[in-house]
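There are 2 protein chains.
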Amino acid sequence: MNSVGASASTGAAAGGARTREDVVLAASRLFAKRGYHGTSMRDLGEELGMLGSSIYSHVRGKNELLVEVIGRGAAFFNGVVAEAKRSEGTAVDRLQQMVSGHVHVVIGHIDESRTFLFESRFLPEADRQKIIEMRDAYEKAYRETIRDGIDEGSLAAGVDPGITAIFILSVLNALIRWYRPSGDRDADQIAAEMWSFIAGGIVVGEPDG
Amino acid sequence: MNSVGASASTGAAAGGARTREDVVLAASRLFAKRGYHGTSMRDLGEELGMLGSSIYSHVRGKNELLVEVIGRGAAFFNGVVAEAKRSEGTAVDRLQQMVSGHVHVVIGHIDESRTFLFESRFLPEADRQKIIEMRDAYEKAYRETIRDGIDEGSLAAGVDPGITAIFILSVLNALIRWYRPSGDRDADQIAAEMWSFIAGGIVVGEPDG
Chain A
-14 MNSVGASAST GAAAGGARTR EDVVLAASRL FAKRGYHGTS MRDLGEELGM LGSSIYSHVR
46 GKNELLVEVI GRGAAFFNGV VAEAKRSEGT AVDRLQQMVS GHVHVVIGHI DESRTFLFES
106 RFLPEADRQK IIEMRDAYEK AYRETIRDGI DEGSLAAGVD PGITAIFILS VLNALIRWYR
166 PSGDRDADQI AAEMWSFIAG GIVVGEPDG
Chain B
-14 MNSVGASAST GAAAGGARTR EDVVLAASRL FAKRGYHGTS MRDLGEELGM LGSSIYSHVR
46 GKNELLVEVI GRGAAFFNGV VAEAKRSEGT AVDRLQQMVS GHVHVVIGHI DESRTFLFES
106 RFLPEADRQK IIEMRDAYEK AYRETIRDGI DEGSLAAGVD PGITAIFILS VLNALIRWYR
166 PSGDRDADQI AAEMWSFIAG GIVVGEPDG
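Protein sequence lines, in the order shown, are assigned to chains A and B. Under this note's numbering, the first residue of the first sequence is numbered -14, with each subsequent residue one higher. Under this note's numbering, the first residue of the second sequence is numbered -14, with each subsequent residue one higher.
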């Protein structure tokens, strides 16, 4: 009941009591829609129904918001890989889990994903470097899981882990460009069709890899 | 011996006699490397060893060069699809031909491909519309060839032509982002590994599609 009390006491008509979390979520939406450079503190204020200047009681500036939104995006993607690593399944199971998890992050957290994928170049240099390292580690997790699958015999011996990781990530990374929430497929269906394409290909009777 | 004579009479130190073709090729290189907005007529002049103002004896402006370079890129990609349509092979043969042809265009004409893929948004509106239509037709050619393959029984019945065309084009379109001329694979090898991934997938014994 706390939030109801807070809302009543500050007045919803005046925008209610906006928290730092509200500011970060609004920044996610606007960065995803208009890009980092297309979003001003004034735009953020309008989105939140508060004065641009009051936002500074929550954050030091737009740059802090970019670091935070992209950090959240990175944490979602990292979480998928970490969970797959903890799983007891075969390498193929883990690979499927990683593909499906990526699809669910993009679709379930589309604003953070979009900002992470398209606006990272505008981060301060040290943060930008961390994101580059994180992306390298992400690709490495795919390479290693593919190598495990070849070793256990469930992935075709002719598969090259490096280029195959790139092919899989190409399919995954394109999702945010073509996915429309108004489309007729949900995340589960897209993940299933994507995995079917990656695992089995499309040609009848074609040898794997 | 003509070119030697021409070079001697105009003086190589002054840049020789530059043709319109030289200007277009230099524009391809610079647009690909620095982007359309990152390239000035002065940069072009330096690249060609001629005064920026003399370029105007060949072209009306930078915009005309963008239209021309992107038109060449589009023609290369369209040529691949047109050739596959004329071929007598099965739908699967034609699909493989389209994938391989795309890889060879990107690698063999990397400057025009990069400009086509990344700078089209800066075209004048009417030209931009034509490129959007061309891309739609390109995707449609993939959808139709996949549908033909399902009809002839060589592609798995469970394959959806629309989403599968998107998956294949995702793999193809990412090539220009990761390909390095200094890498250890040539266009034939990349095309073969890409086709193997698309046709057969990677999991041993996984049903197609």
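Backbone N, C-alpha and C define an ideal beta-carbon position, used for all residues, glycine too.
Segment contact: the segment 78 to 86 of chain B against the segment 51 to 70 of chain B, three or more CB-CB distances shorter than 8 Å; contact assigned. In the pairwise beta carbon analysis, the segment 144 to 164 of chain A is classified as touching the segment 178 to 193 of chain B: at least three pairs are separated by under 8 Å. Of all alpha-carbon atoms in B:Asn158, B:Asn48 and B:Ala159, the one lying nearest the alpha-carbon of valine 9 of chain B is that of B:Asn48. A Cβ-Cβ distance of about 5 Å is found for the pair serine 13 of chain A and glutamate 97 of chain A, placing them in contact under the 8 Å criterion. Within the segment 138 to 157 of chain B, contact with chain A at the beta-carbon level (separation under 9 Å) is assigned to Gly138, Ser139, Leu140, Ala141, Ala142, Gly143, Val144, Asp145, Ile148, Thr149, Ile151, Phe152, Ile153, Leu154, Ser155, Val156 and Leu157. When DSSP reads this structure, valine 188 of chain B sits in a beta bridge with A:Leu140. Residue contact with chain A for phenylalanine 62 of chain B: absent (no Cβ-Cβ distance below 7 Å to any residue of chain A). Exclusion of the five residues before and after alanine 17 of chain B leaves Asp96, Arg99 and Thr100 as the residues of its chain whose Cβ lies within less than 6 Å of its Cβ. Taking a C-beta distance under 7 Å as the contact criterion, valine 90 of chain B and phenylalanine 61 of chain B qualify as a contact pair.
Contact note: methionine 83 of chain A does not reach chain B at a C-beta cutoff of 7 Å; the least C-beta distance is about 13 Å. Distance check between glutamate 6 of chain A and each of A:Gly37, A:Phe103 and A:His43 places A:His43 closest, using alpha-carbon atoms only.
If you look at arginine 19 of chain B, you'll find it in the alpha helix (DSSP H) that goes 5 to 19. Within chain B, the residues Ile151, Phe152, Leu154, Ser155, Val156, Asn158 and Ala159 have their CB atoms less than 9 Å from the CB of alanine 159 of chain A, given in chain order. Contact of isoleucine 116 of chain B with chain A is not assigned, every C-beta pair being separated by 7 Å or more. For histidine 22 of chain A, the closest C-alpha among the options A:Glu118, A:Leu108 and A:Glu178 is that of A:Leu108. Exposure of glutamine 114 of chain A is indicated by the presence of fewer than 16 other C-beta atoms within 10 angstroms of its C-beta. In this structure, the straight-line span from the alpha carbon of alanine 172 of chain A to that of glycine 93 of chain A is close to 8 Å. Its chain contains Ser25, Met26, Arg27, Leu29 and Gly30 as the residues whose beta carbon lies nearer than 8 Å to that of glycine 37 of chain A, once the 5 sequence neighbours on both sides are disregarded; these appear in chain order. Using a CB distance below 7 Å, no part of the segment 6 to 29 of chain A faces chain B.
Counting only runs that start and end inside the segment 47 to 87 of chain B, the alpha helix (DSSP H) elements of at least 4 residues fall at 47 to 71.
Secondary structure at glycine 168 of chain B: coil, using DSSP grouped into helix, strand and coil. Contact note: isoleucine 187 of chain B reaches chain A through Leu140, Ala141, Val144, Thr149, Ile183, Ala184, Asp193 and Gly194, using a C-beta cutoff of 7 Å and chain order. For the pair glutamate 118 of chain B and glycine 74 of chain B, the Cα-to-Cα distance works out to about 27 Å. Residues of the segment 65 to 84 of chain A with a C-beta atom less than 7 Å from some C-beta of chain B are Val77, listed in chain order.
Annotation: arginine 71 of chain B to alanine 126 of chain A spans about 43 Å, alpha carbon to alpha carbon. By the neighbour-count criterion, in which 16 or more other beta carbons inside 10 Å mark a residue as buried, alanine 176 of chain A falls on the buried side. Glutamate 104 of chain B and glycine 34 of chain B do not touch by the CB rule: their CB atoms are close to 24 Å apart, not below 8 Å.
The Cβ of tryptophan 163 of chain A sits closer than 7 Å to at least one Cβ of chain B. In this structure, DSSP gives alanine 2 of chain A a state outside helix and strand, which the three-state scheme calls coil.
Ranking B:Glu53, B:Ala59 and B:Ile131 by CA distance to the CA of leucine 80 of chain B puts B:Ile131 first. Glutamate 178 of chain A belongs to the set of residues whose beta carbon lies under 7 Å from a beta carbon in chain B. From the listed residues A:Leu157, A:Glu32, A:Val52 and A:Tyr41, the smallest Cα separation to alanine 111 of chain A is found for A:Val52. Under the three-state reduction of DSSP, serine 155 of chain B is assigned to helix.
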